[in-house]
Amino acid sequence: MLGLVSRLLAIVSLVFLKFFTRDARTADLDFILSPTVFLTELMSSRRFAQDTTLGYIDWTGNILIDKSCSGMNFLVLSAILPILFRKSEDWWIFCAIAYPITIIANSIRITGAIFLQSFANDPVFHTMHGSFVYLSILIGFYLCIIGFKRKESIPQ
1 MLGLVSRLLA
11 IVSLVFLKFF
21 TRDARTADLD
31 FILSPTVFLT
41 ELMSSRRFAQ
51 DTTLGYIDWT
61 GNILIDKSCS
71 GMNFLVLSAI
81 LPILFRKSED
91 WWIFCAIAYP
101 ITIIANSIRI
111 TGAIFLQSFA
121 NDPVFHTMHG
131 SFVYLSILIG
141 FYLCIIGFKR
151 KESIPQ
């Protein structure tokens with residue numbers, strides 16, 4: 001019973017986070033944007049300056065990382081995934097892993113978009129690229145969850 005209550009509490013918290021994100025300003029999402037920008041800078045060799053109203057800007061490349069780049073939908077999805085698919089009580093470990101996975105996924109997506117913008121600066125292409133990166137990483141995370149689940153069920 002306690003496991004069910006804790007899972008429901010986690011899902012309610014994630015739904016609250018989703019609604020918070022909808023009305024949040026870019027500065028409110030700095031807890032996820034700041035590490036994303038840091039990793040993106042390492043991966044892309046670009047430097048971003050923080051603007052409290054706009055987000056993070058690379059003036060030389062005319063690139064803006066703002067609220068829409070936060071990956072909060074990805075964070076919510078990747079945190080709900082283990083709640084739904086883990087039968088054991090260690091599901092919360094995978095929920096905690098969802099945060100760094102989101103940072104990594106965002107950084108890969110943004111860095112890819114930076115390098116691909118010279119080839120295709122079309123908004124549809126940008127969306128397709130982001131969807132491909134997010135879906136690939138989400139499927140990989142799901143396979144890890146399932147892999148650990150199978151490992152637990154193998155008799156020693």
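At position 128 of the sequence shown the residue is numbered 128 (full-length UniProt numbering), and the sequence of numbers has no breaks.
Cβ coordinates follow ideal geometry from the N, Cα and C atoms, glycine included.
> Who does Leu-64 pair with in a DSSP beta bridge?
Replying inline: Leu-64 pairs with Ile-57.
>> Within the continuous alpha helix (DSSP H) that includes Ala-24, where are the two ends?
In response: Segment: none, Ala-24 is in no alpha helix (DSSP H) and carries neither H nor E.
>> Can you look up Asp-51 in the DSSP assignment and give me helix, strand or coil?
In response: Three-state result, Asp-51: strand.
> Under the three-state reduction of DSSP, which class applies to Ser-34: helix, strand or coil?
Replying inline: In the structure shown, Ser-34 sits in a helix (DSSP, three-state: H, G or I).
> Of all the alpha helix (DSSP H) runs that stay within the bounds of the segment 69-123, which reach a length of 4 or more residues?
Replying inline: Listed in chain order, they are 72-85, 91-116.
>> For Ile-137 and Val-5, what's the separation of their Cα atoms in angstroms?
In response: Straight through space, the alpha carbons of Val-5 and Ile-137 are spaced by roughly 29 Å.
> So is Ile-101 buried or exposed if we call it buried at 16+ other beta carbons inside 10 Å?
Replying inline: Buried is the call here.
> Going by Cα to Cα distance, which pick from Ser-78, Leu-75, Ser-44 is closest to Ile-63?
Replying inline: Considering only alpha carbons, the answer is Ser-44.
>> Assuming the contact rule is C-beta atoms closer than 8 Å, Tyr-142 and Leu-77 should be a hit. Round their C-beta distance to whole Å, please.
In response: Rounded to whole angstroms, the Cβ separation of Tyr-142 and Leu-77 is 10 Å, and the two are not in contact under 8 Å.
> Would you call the segment 126-137 and the segment 101-110 in contact, with 3 or more CB pairs under 8 Å?
Replying inline: Touching, yes.
>> Taking only three categories from DSSP, how would you classify Ser-45?
In response: Three-state DSSP puts Ser-45 in coil, outside helix and strand.
> Exposed or buried, what is Ile-110 when buried is set at 16 or more other beta-carbons lying within 10 Å of its beta-carbon?
Replying inline: Ile-110 is classed as buried because its beta carbon has at least 16 other beta carbons within 10 Å across all chains shown.
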